[in-house]
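Structure record follows, encoded as structure tokens.
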Amino acid sequence: MTKLFSFIMIFVLFSAVAVHADYNINLKTTPEQITARDDPFVEYPDLGALPEITISVTDAAGAAVKDTTMTAAITHNGNLWLGSGFPFVEGTQLLSVTSYESEGILTIPALLFPLRGDYTLDVKVVDSAGAEQTKQFTIHAKEPFWQTEIKGIMLLVGLVIFGAVVGLIFGKDLLKKKAQAAFSLFIFGIVLVSLFLVPFVHAHEGAADMPVGAVDYDDSQVSFYTNPEVPDIGIPTTFYIDVKDENGIPVNNAAAHITIENDEDHFEVLDLILYSKNGSFVFNYGIFDGAPHIVTVRIDPTEASSTQFAEIARSYEVAATAHNPPFLAKAKATFIMLLALMVGLVIGVAIRKARANKQAAKEAGDLQ
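Residue numbers (the numbering used here): 39 to 406.
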């Protein structure tokens with residue numbers, strides 16, 4: 039009896055463990071080099087279309103694995119030393135989708151990467167027999183140097199030069215009254231750097247005052263809602279789309295083409311195609327901007343659909359609760375700017391001191 043009980047327990051234990059599949063999961067991005075667009079004050083007219091992401095599954099012979107359920111989750115690693123235009127979404131999930139793929143290929147036609155740096159892509163594939171395969175990729179998004187980084191470098195160089203000029207002009211007095219001068223310049227530096235930060239801070243604060251409402255739309259054919267009900271920047275939002283045909287019956291084996299566009303500046307952030315067997319489409323997306331967004335949904339039948347219903351099209355307005363930049367992001371920017379100013383000051387004082395020593399040596403030589 040004891041042996042029988044042990045056998046049953048072992049059988050239950052092993053049957054509860056997911057079967058591992060020996061498949062190859064492949065990733066392709068178009069273009070191969072992805073460009074981040076993380077400066078909200080810069081336009082990117084020359085970057086072309088948003089990158090496309092394609093994930094495919096093949097077996098050991100290289101043939102496509104059909105009838106699979108594929109999940110892809112893209113998360114920013116949050117390893118930025120210098121601040122970005124969207125600090126609240128650093129280190130958070132950008133997108134997570136689950137789709138039934140009859141041909142074993144999951145395609146995300148367009149996705150805007152709002153932050154530079156590394157993103158982790160976690161892929162999970164479940165075949166028709168329930169066997170699972172997972173794989174992790176790293177996607178690097180590079181910042182356009184001549185449109186964003188160069189401005190930060192120019193600002194820091196300007197602060198260094200300004201500090202050097204101050205050091206050259208007041209270097210003599212600074213050398214005589216070191217403690218008092220250091221304190222005065224520290225206060226002066228904070229005031230100066232604060233003036234640089236004001237326009238950036240107020241730009242985000244304006245977005246924080248924008249009214250937002252709950253996302254819950256329902257008609258005879260489509261239910262569209264989110265969790266949380268009021269989206270929030272920095273927290274991935276789950277979008278739910280439940281679709282019925284003209285007779286009120288949930289559609290099956292249908293395709294949903296979903297796009298999200300920034301309605302304030304009129305640029306696309308996401309283009310997504312999902313397939314569902316039961317008429318329910320679900321995906322997670324991390325809204326990174328406080329501007330209103332337009333979500334457009336088009337649902338069409340496939341050859342496998344039991345009913346060839348007419349295309350169903352809807353558009354919805356969605357906005358996320360915006361926040362002022364986090365204290366750490368502002369403190370980091372202030373520290374870097376103050377450091378650049380102080381480096382310039384030290385350089386200026388050193389040059390002034392070297393000139394003074396050279397002049398003193400020359401005068402001493404003339405006296406001799």
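We put the CB at the ideal spot given by N, CA and C, even for glycine. As the structure is a computational prediction, the values presented were derived from the model and not from experiment.
For residue i, which option in the options has the closest C-alpha, if you only look at C-alpha atoms?
i    : options                   : result
K282 : A101, T345 and P266       : T345
E90  : G205, L144 and A202       : L144
T68  : A99, D97, E181 and L88    : L88
V195 : V381, Y278 and P125       : V381
Y354 : Y313, F347, L383 and Y278 : Y278
A148 : R336, Y138, A59 and E299  : E299
T113 : T73, V335, F175 and G168  : F175
A360 : G201, P125, S258 and V103 : P125
Output yes or no for whether 8 Å exceeds the beta carbon distance between residue i and residue j.
i    : j    : result
T372 : N322 : no
I296 : V333 : yes
V127 : P152 : yes
A293 : Y313 : yes
V95  : T107 : no
A59  : A169 : yes
F326 : I271 : yes
I72  : I93  : no
I177 : L159 : yes
Y61  : D97  : yes
P288 : N265 : no
Buried or exposed, going by whether 16 or more other CB atoms sit within 10 Å of the CB of residue i?
i    : result
R75  : buried
E284 : exposed
A99  : exposed
G116 : exposed
A245 : Its pLDDT being 48, under 50, A245 is placed unreliably by the model, and the measurement read from it follows with that caveat. Under this definition A245 is a buried residue.
Could you give the DSSP three-state label for residue i: helix, strand or coil?
i    : result
R75  : coil
L149 : strand
L65  : strand
F347 : coil
P269 : coil
A394 : helix
I325 : coil
L312 : strand
I287 : coil
V320 : strand
F124 : coil
T377 : According to the sequence as given, residue 377 is Leu; it is not Thr. L377: helix per DSSP, three-state reduction.
A110 : strand
A388 : helix
On the DSSP letters alone, give me the boundaries of the beta strand (DSSP E) that residue i sits inside.
i    : result
P339 : H331 to P339
Q131 : Q131 to E139
I91  : E90 to T96
H178 : E170 to K180
D156 : G155 to V164
T276 : T275 to V281
Indicate whether at least one CB of chain C lies closer than 8 Å to the CB of residue i.
i    : result
G129 : No chain C is present in this structure, which holds just one protein chain.
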